[in-house]
Every structure is written in C-alpha cells, then in structure tokens.
Amino acid sequence: MRGRINAGLIVGGVLVGLVVAAALVSFVWTPHDPTLVDAARKLQEPGGGYPLGADKFGRDTFSQLMVGARTTLYVGIVAVGIAAVIGAPLGIVAGMTGHGWLSELVMRVNDLVFAFPALLLAVMLGAVYGAGTLTAMIAIGVATVPAFARVARAATLQVMVTDYIMAARAAGRTRRAIAVRHVLPNISSVLIVQASVSFAIAILAEAALSFLGFGTRPPIPSWGRMLQESQELLFSTPRLALWPGAAIALAVLGFNLLGDGLRDYLDPKLRRIRAER
C-alpha cells in the first residue's frame with residue numbers, strides 16, 4: 001500500500017520537471033548560441049531578445065542556463081548511476097552475509113572511501129587525467145558509493161529476517177537468486193529515494209567543481225562556472241550570479257523535496273508516524 005501524494009512530492013516534481021524540460025528543449029532550441037561571444041552585447045541588460053541579459057562576454061544568460069541544465073543532469077545521472085551500480089550490490093552482499101567478515105570488510109572499505117570527498121577525488125583525478133566533465137562524474141560517483149552501500153545494507157538486513165526469505169532458503173534457492181528475486185525488489189524503493197537525494201548532492205558537487213575549475217570545461221555552459229565568471233562583477237552586476245545561483249538552489253531543492261516526498265509515498269508507515277506527531 002502506498003501513501004498519499006503530498007505537497008513536497010508535487011513541488012519537488014514540478015521543480016525537477018522544469019529543469020528536465022529546460023535541458024530537453026536546449027537540444028533543439030535556445031534563444032541564442034550559448035557559446036557565441038558578442039562584444040557588442042557585453043553586460044547587456046534584460047530585453048531586446050535577451051530575456052535575462054548577457055554576461056561579460058556578451059553570451060546570452062538564458063541560453064547558458066538552459067544548456068547548463070543539460071550539463072547538470074548529465075553529470076548527475078552518470079554520477080548517481082556509478083554510485084548505484086557499485087554501491088547497491090556491495091550493500092546487498094554485506095547485508096546478506098549479516099555481520100560476518102565479508103560484511104565488515106565491505107563496510108570498512110566503504111568508510112575509507114567515505115573519507116575522501118568528491119572535491120579531493122576530483123583534484124587527484126584531475127592531476128592525473130586532466131580536469132573535465134568525465135573527471136567530475138567519476139569523482140562524484142565514487143564519493144557517493146558509500147551512501148548507497150550503507151542504505152542497501154541496512155535495508156537488506158531487514159529483508160533477510162522475513163518469512164519469505166526463509167522460505168526461499170528452504171526451497172534451495174541460491175544466494176544470487178534470492179538477491180535478484182527477493183532482496184532487490186524489496187529495497188528498490190529505498191534506493192530510489194537515495195538516488196533522488198544523491199542527485200541533489202551531485203548537482204552541488206558539480207557546481208562546486210566547475211566553480212573551482214575541476215569540472216566542466218569551457219566552452220560548455222555550466223552553472224558553477226557561470227558563478228565563477230560572475231564573481232568579479234558581483235557588486236556591479238549581481239544578476240550574473242543571481243540566475244545560476246537560483247538555478248542551482250531550485251534544482252537542489254527540487255530533488256530534495258522529491259526524495260523526501262518519495263520516502264513518504266513509498267513508506268506509508270513513516271507518513272502515519274509523522275501525521276501522529
């Protein structure tokens with residue numbers, strides 16, 4: 001039984017939908033070429049075919065935001081995909097082995113990876129392979145693996161003590177069959193919520209890496225680099241920082257609300273507990 005759709009889920013879905021819509025539309029249309037440098041349009045105010053004005057290089061801010069949404073979603077999808085593909089199976093293996101040595105080994109390695117933030121990993125990878133979008137995706141994905149492993153392990157431990165798991169064992173099913181047919185479907189809702197929350201973290205991480213020069217490289221638009229380029233004009237032309245900052249904030253808020261709403265929707269027990277408080 002599912003819970004009711006709450007306001008947070010609706011608001012989060014709308015905000016995420018706007019980001020996705022902007023990214024999809026940018027594949028076929030933008031008001032102007034987001035990479036076109038036009039000195040005559042330098043710092044142009046909103047209007048005259050430039051809805052949000054132009055930056056210090058004469059590039060259309062609105063077009064950059066649209067293509068920046070595409071970059072953000074691309075990095076987020078790949079990074080969260082890396083984390084889920086690696087972290088979820090490790091968590092399931094650790095949970096299915098209970099508190100044995102394999103589980104402890106997986107979780108200790110997990111703690112070791114957790115000690116390296118995405119920024120540090122990006123710096124290390126950038127020094128070896130060069131900074132770029134791929135470096136950012138790998139760094140964010142690897143840094144997010146521990147979150148998926150912990151969530152998957154905790155959920156698997158709860159599933160392993162249920163009657164249908166005992167029945168599957170009694171029927172002689174292998175560990176792999178139990179994991180694929182029984183454990184994974186029953187923890188999928190938890191993983192979906194974790195993916196939504198991790199997506200918000202990935203957006204912030206990508207923006208931070210691009211701001212510091214370890215993320216998406218020019219001329220590909222990025223919200224983080226838009227902030228970096230606007231910092232020297234923060235007091236004279238604050239709108240250059242306002243729009244990418246607002247885009248990052250709304251995207252993060254949207255995915256956080258979506259994750260929280262999905263948690264309530266997929267776990268009606270939690271919803272009832274909150275309603276009783």
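Using the UniProt record's numbering, you'd call the opening residue of the sequence shown number 1 and step up by one each time.
The beta carbon of each residue, even a glycine, is placed where N, CA and C say it ideally should be.
Please read all numbers here as calculations on a predicted model, not as lab measurements.
Item, Value
"Sort Gly58, Ala177, Gly17 by Cα distance to Ala36 and report the nearest one.", "In the sequence on display, residue 36 carries Leu and not Ala. Comparing Cα-Cα distances from Leu36 to each of Gly58, Ala177, Gly17, the minimum goes to Gly58."
"Taking a contact to mean a Cβ-Cβ separation below 9 Å, would you say Ser103 touches Arg153 in this structure?", "yes"
"Please check the pair Ala94 and Val113, which I expect to be a contact at CB under 8 Å, by giving their CB distance rounded to whole angstroms.", "At roughly 14 Å, the Cβ-Cβ gap does not stay under 8 Å, so Ala94 and Val113 are not in contact."
"Under the three-state reduction of DSSP, which class applies to Gly47: helix, strand or coil?", "strand"
"By the three-class DSSP mapping on this structure, what secondary structure does Asp38 have?", "coil"
"Using 8 Å as the cut-off, can you tell me whether the region 221 to 229 makes contact with the region 174 to 187, which would need three or more C-beta pairs spanning the two stretches below that distance?", "no"
"Applying the criterion that 16 or more other CB atoms from any shown protein chain within 10 Å of the CB defines a buried residue, is His99 buried or exposed?", "exposed"
"CA-CA distance, Leu242 and Val180?", "46 Å"
"Quick one: give me the first and last residue of the alpha helix (DSSP H) that Thr216 is part of.", "Here Thr216 belongs to no alpha helix (DSSP H), and DSSP marks it neither H nor E."
"Since Thr133 and Thr216 should fall inside the 8 Å C-beta cutoff, what is the C-beta to C-beta distance between them, to a whole number of angstroms?", "5 Å"
"Which class does Asp260 belong to by DSSP, given the choice of helix, strand or coil?", "helix"
"Would you check if the distance between the CB atom of Pro221 and the CB atom of Leu65 is smaller than 9 Å?", "yes"
"Should the region 205 to 213 be called in touch with the region 134 to 141, which here means at least 3 C-beta pairs below 8 Å?", "yes"
"Mind listing, in chain order, the continuous alpha helix (DSSP H) runs of no fewer than 4 residues lying wholly within the region 148 to 193?", "163 to 170, 175 to 178"
"If you run the structure through DSSP and keep just helix, strand and coil, what is Val11?", "helix"
"Can you tell me which residues form a DSSP beta bridge with Asp55?", "Paired residues: none, contrary to the question."
"Note down the Cα distance separating Gly68 from Gly49, rounded to an integer number of angstroms.", "19 Å"
"Apart from the five residues on each side of it in sequence, which residues of its chain come closer than 7 Å, Cβ to Cβ, to residue 278?", "Examination of residue 278 is not possible in this model, given that the chain is present from 1 through 277 alone."
"So, does the region 2 to 18 touch the region 240 to 256, judging by three or more C-beta pairs under 8 Å?", "yes"
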